[in-house]
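Written below as C-alpha cells is the structure these notes are about.
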Amino acid sequence: MKRIVVIGAGHVGLYVAERLGKKFKSEIKKGHVEVMVIDRNQHMTYQPLLPEAAAGSLSPRHAIIPLRSVLKNCTIVTAEVVNVQHSDKTITVQPATGPSREIEYDDIVVAPGAVSRPLPVPGLAENAIGFKSIGEAIWLRSHVLTRLDVAASTDDPDVRKAALRFVTVGGGFAGCEAMAELQDAVHAIIKKRYPDLDKNELEWYLIEATGRIMPEVGPQMGAYAARQLTKRGVDIRLETVMKSCENGHVVLADGDEFDCDTIIWTAGVMPTPMLKDTDLPLGPKGHVIGNTRLQVVEEDPENPKENFGKPVEGAWTAGDCAQIPDTTDFPLPYCTPSAQHAVRQAPILADNIYAAYLNSELKAYEHKYIGSVAGLGLYKGVAHVYGMKVKGFMAWMMHRGYHLMKVPGIGRRSRILIDWLVTSLSSREMAQLSEIEEGRRPFEAIAQGEKPYRTVKSGDQ
Ligand SMILES: Cc1cc2nc3c(=O)[nH]c(=O)nc-3n(C[C@H](O)[C@H](O)[C@H](O)COP(=O)(O)OP(=O)(O)OC[C@H]3O[C@@H](n4cnc5c(N)ncnc54)[C@H](O)[C@@H]3O)c2cc1C
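Here it is, written out as C-alpha cells:
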C-alpha cells in the first residue's frame with residue numbers, strides 16, 4: 004500500500020488532502036493507497052476569520068473546520084509531528100497522551116505553516132499574545148471584555164487607564180484587521196452596555212516599524228486604511244518599535260511609555276521551528292526549499308537563490324513553511340505567506356502527486372498575485388484586486404464574500420452566514436468565557452476544601 008502523509012491541515016494541507024482523497028478514491032477503497040493527515044489540532048483554522056471571531060461577529064467555532072467532517076477518505080491523526088527522517092521515510096508523532104509513534108510513508112506533503120515571529124523584546128513572552136490560532140482569538144476576546152469590567156469596577160485611575168489601553172505591534176493584515184475589529188466591537192459594546200465607560204477614555208495604539216501599514220493592499224489603500232483608523236481614534240506610530248513591555252509597561256522607541264494590559268503581537272511570521280528537526284533542505288530563514296512544481300528540492304550550490312536543485316524523491320511542500328519561487332513580476336523572489344497562494348498551490352500539489360503516481364508530467368505553480376481584501380470592522384474595508392482599488396462598504400462586502408466562498412463545506416458557510424446576519428440585525432455578542440481557562444478550578448478547590456473562585460487581582464491577565 005502506498006501511504007501519502009500530509010503534515011499540517013491548514014490552508015495547504017486540508018485542500019491537498021481533500022483533493023487527494025477524491026483523486027485516489029478508488030485506490031483508497033481497494034486499500035492500495037492511504038492519505039494520512041496529521042495535525043496537532045482536530046480542525047483546520049480559517050485564519051482570515053480570526054479577527055471577526057475575536058470581535059464577536061462570528062462564533063469562534065465557525066472559524067474552524069473539523070477535519071473529520073470534510074476529509075472523508077483520509078486517515079486523520081491528531082498529534083504533534085516532532086521529527087521527519089526523509090532518508091528513512093519515517094516521521095515521529097507525539098499524540099496528546101501516551102508514547103510517541105513512528106509512521107512510515109512513501110510520499111510526504113510538508114505543510115505545517117508558520118508561527119508568530121518573536122523578537123528579543125524584554126517582557127514580550129510574559130505580557131503579549133500572538134494572533135494565529137483560535138485559542139488566541141478566544142483568549143483575546145475574553146481578555147478585552149474582562150478589561151472593560153475591570154475598568155468599570157475599579158476606583159483606581161491607573162488600573163482603569165491600563166485596562167483601557169490596547170496596543171498592537173505589527174501593521175500588516177493580521178494586526179490591522181484584529182485592531183480594527185476589536186475597536187469596532189468595543190465601541191459598540193460600551194456604548195450600549197457600559198454607561199460607566201466613555202469611548203474617549205479608550206486608547207488604541209498601532210506600532211509599525213516601517214513607514215506604512217497594510218502593505219498587502221498597496222500604498223494607496225494602505226494610506227486609506229491608516230486614515231480610517233486614525234479617524235476612529237487609533238494612534239498609529241510608524242517607524243517605531245516597542246523596546247520593552249516588562250510588567251505591562253510599554254516603552255516605545257519614539258520615547259513614549261505607558262502601562263497597558265493588552266499587547267497583541269503580529270509583527271511577522273516565521274516557518275514552523277519543527278522543520279529544523281527534519282533532514283529536509285531548508286533555506287536561510289528556515290523554509291523548506293521547493294520548486295514551482297511544489298517538489299522539495301536540494302539547494303543548488305551554483306545558484307542558491309534559484310530553486311533549480313534536484314527534486315527530493317517523494318517530498319512535496321507549499322504554503323507559509325516553504326520558499327516557492329514567484330515566477331510572476333512580483334518584486335519578491337518567493338511567494339509571500341498568504342492564504343491566497345496556499346489555497347492555489349494546494350490543488351496543483353495534489354494533482355502533481357497524482358501525476359507522479361501515473362508517471363505523467365507535473366504542472367508548475369505560476370499564480371499572479373491578484374491583490375487583497377481586508378475588513379476593518381462592521382461595514383468597513385479596503386481592497387486592491389486586479390488593479391481595482393475599493394474602499395468602505397463595497398470592500399467589506401468583497402472581503403466577506405471572498406472568504407465565505409473559500410471556507411470549505413456548505414454547513415460551515417451557512418453557519419457563518421447566519422452569524423453575520425444575526426450580528427447585523429442585533430448587537431454584537433458580548434458574552435466572554437474566560438472561565439474556561441480554569442475550567443476544573445472551582446471543583447478542584449471545593450474538593451480540596453478551598454474557596455471555589457480565585458480573587459482576580461488588578462492587572463491580572
Ligand atoms: C489573523 C490572520 C489573518 C489573515 N488574513 C489573510 C487574508 O485575508 N488573506 C490571505 O491571503 N492570507 C491571510 N492570512 C495568512 C494565511 O492565513 C496563511 O498564509 C495561511 O494560513 C497559510 O497556510 P498554510 O497551510 O501554509 O499554514 P496554516 O494554515 O497555518 O496551517 C498549518 C497547519 O499545520 C499544523 N501544524 C503546524 N506544526 C505542526 C506540527 N509540528 N505537528 C502537527 N501539526 C502542525 C497547524 O496546526 C496548522 O493546522 C492571515 C493570517 C492571519 C493570522
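Residue numbering for the sequence shown follows our numbering, beginning at 4 and increasing consecutively.
Virtual Cβ for every residue (Gly too), placed ideally from N, Cα, C.
Of the choices the options, whose alpha-carbon is the least far from that of residue i?
{"i": "Asn203", "options": "Ile192, Ala188, Gly236, Gly173", "result": "Gly236"}
{"i": "Ala140", "options": "Arg64, Val96, Val85", "result": "Arg64"}
{"i": "Glu219", "options": "Arg444, His387, Val40", "result": "His387"}
{"i": "Glu249", "options": "Ile266, Asp238, Glu211", "result": "Ile266"}
{"i": "Arg347", "options": "Pro336, Lys371, Asn362", "result": "Lys371"}
{"i": "Pro494", "options": "Phe396, Asn44, Lys164, Cys77", "result": "No answer is possible for residue 494: the residues shown for the chain start at 4 and end at 464."}
{"i": "Ala226", "options": "Lys32, Met273, Cys324, Gly174", "result": "Gly174"}
{"i": "Ser119", "options": "Pro125, Glu447, Gly133", "result": "Gly133"}
{"i": "Lys92", "options": "Ile7, Ser437, Thr233", "result": "Ile7"}
{"i": "Ser72", "options": "His46, Asn86, Ala56, Gly34", "result": "His46"}
{"i": "Gln343", "options": "Lys409, Gln326, Thr149", "result": "Lys409"}
{"i": "Leu436", "options": "Lys195, Asp152, Trp142", "result": "Trp142"}
{"i": "Glu83", "options": "Tyr18, Ala12, Glu305", "result": "Ala12"}
{"i": "Trp268", "options": "Ile67, Lys194, Val170", "result": "Val170"}
{"i": "Asp238", "options": "Glu301, Asp201, Val172, Asp303", "result": "Val172"}
{"i": "Ala318", "options": "Ile94, Ala131, Met224, Thr331", "result": "Ile94"}
{"i": "Leu283", "options": "Ile68, Leu74, Ser90", "result": "Ser90"}
{"i": "Thr48", "options": "Ile439, Ser145, Gly116", "result": "Gly116"}
Looking at the unbroken beta strand (DSSP E) that takes in residue i, where does it start and where does it end?
{"i": "Gln298", "result": "298 to 300"}
{"i": "Lys246", "result": "245 to 247"}
{"i": "Arg144", "result": "Looking at the DSSP string, Arg144 is not in any beta strand (DSSP E); the run it does join, the alpha helix (DSSP H), is 137 to 156."}
{"i": "Leu255", "result": "252 to 255"}
{"i": "Phe261", "result": "260 to 262"}
{"i": "Glu316", "result": "314 to 320"}
{"i": "Thr95", "result": "93 to 98"}
{"i": "Phe169", "result": "168 to 172"}
{"i": "Ser375", "result": "374 to 378"}
{"i": "His387", "result": "384 to 388"}
Whole angstroms are fine: how far does the CA of residue j sit from the CA of residue i?
{"i": "Gly462", "j": "Val162", "result": "Unreliable placement is indicated for Gly462, whose pLDDT of 45 sits below 50; the coordinate value is still reported in the next sentence. Distance between the alpha carbons of Gly462 and Val162: 7 Å."}
{"i": "Ser341", "j": "Gly322", "result": "7 Å"}
{"i": "Glu184", "j": "Ala398", "result": "15 Å"}
{"i": "Asp199", "j": "Val38", "result": "56 Å"}
{"i": "Leu52", "j": "Glu453", "result": "41 Å"}
{"i": "His402", "j": "Pro102", "result": "44 Å"}
{"i": "Ile216", "j": "Phe261", "result": "23 Å"}
{"i": "Ala188", "j": "Gly380", "result": "8 Å"}
{"i": "Gln186", "j": "Trp207", "result": "8 Å"}
{"i": "Ile421", "j": "Ile413", "result": "12 Å"}
{"i": "Ile79", "j": "Ser430", "result": "38 Å"}
{"i": "Gln464", "j": "Lys279", "result": "At Gln464 the pLDDT is 42, less than 50, meaning the model places this residue with poor confidence and gives no usable figure here."}
{"i": "Ala434", "j": "Val147", "result": "11 Å"}
{"i": "Asn362", "j": "Ala191", "result": "59 Å"}
{"i": "Gly312", "j": "Val87", "result": "20 Å"}
{"i": "Arg230", "j": "Leu209", "result": "13 Å"}
{"i": "Gly374", "j": "Phe446", "result": "51 Å"}
{"i": "Gly404", "j": "Ala349", "result": "21 Å"}
{"i": "Val85", "j": "Asp354", "result": "27 Å"}
{"i": "Glu369", "j": "Thr330", "result": "6 Å"}
{"i": "Gly214", "j": "Ala270", "result": "14 Å"}
Using a Cβ-Cβ cut-off of 6 Å (strictly less than) and excluding sequence neighbours within five positions of residue i, which residues of its own chain qualify?
{"i": "Phe27", "result": "Val36"}
{"i": "Arg444", "result": "none"}
{"i": "Val315", "result": "Val299"}
{"i": "Val244", "result": "Ala212, Ala256"}
{"i": "Tyr360", "result": "none"}
{"i": "Ser60", "result": "Thr426"}
{"i": "Ala58", "result": "Glu184, Leu185, Ala188"}
{"i": "Glu432", "result": "Gly59"}
{"i": "Thr320", "result": "Val113, Val291, Gly293, Val299"}
{"i": "Arg2", "result": "With the chain covering 4 to 464 only, the question about residue 2 has no answer from this structure."}
In the DSSP assignment, find the unbroken alpha helix (DSSP H) run with residue i in it and report its ends.
{"i": "Glu206", "result": "Here Glu206 belongs to no alpha helix (DSSP H); instead the beta strand (DSSP E) covers 206 to 210."}
{"i": "Asp110", "result": "Counting along the chain, Asp110 falls outside any alpha helix (DSSP H), though it belongs to the beta strand (DSSP E) covering 110 to 113."}
Considering only DSSP beta bridges, list what residue i is partnered with.
{"i": "Lys195", "result": "DSSP, once it has assigned bridges, lists no residue as partnering Lys195."}
{"i": "Thr81", "result": "Asp42"}
{"i": "Phe230", "result": "The sequence as given places Arg at residue 230; Phe does not occur at that position. Answer is none; Arg230 lacks a bridge partner."}
{"i": "Asn86", "result": "Thr95"}
{"i": "Arg240", "result": "Ile210"}
{"i": "Lys5", "result": "Val36"}
{"i": "Thr265", "result": "Phe169"}
{"i": "Gly293", "result": "Val299"}
Taking 7 Å as the limit between beta carbons, can you name the residues of its chain near residue i, skipping five residues before and five after?
{"i": "Ala367", "result": "Thr295, Arg296"}
{"i": "His406", "result": "Pro51, Leu52"}
{"i": "Pro125", "result": "Ser247, Glu249"}
Kindly list the residues whose CB is nearer than 8 Å to the CB of residue i, restricted to its own chain and excluding five residues on each side of it in sequence; keep chain order.
{"i": "Lys460", "result": "Below a pLDDT of 50, predicted positions are generally treated as unreliable, and Lys460, at 47, falls in that range; no measurement from the model is reported."}
{"i": "Ala377", "result": "Phe176, Cys179, Glu180, Met217, Glu219, Val220, Ala228, Gly384, Val385, Ala386, Ala398, His402"}
{"i": "Gly289", "result": "Met273, Pro274, Pro276, Leu278, Lys279"}
{"i": "Met4", "result": "Gly34, His35, Val36, Glu37"}
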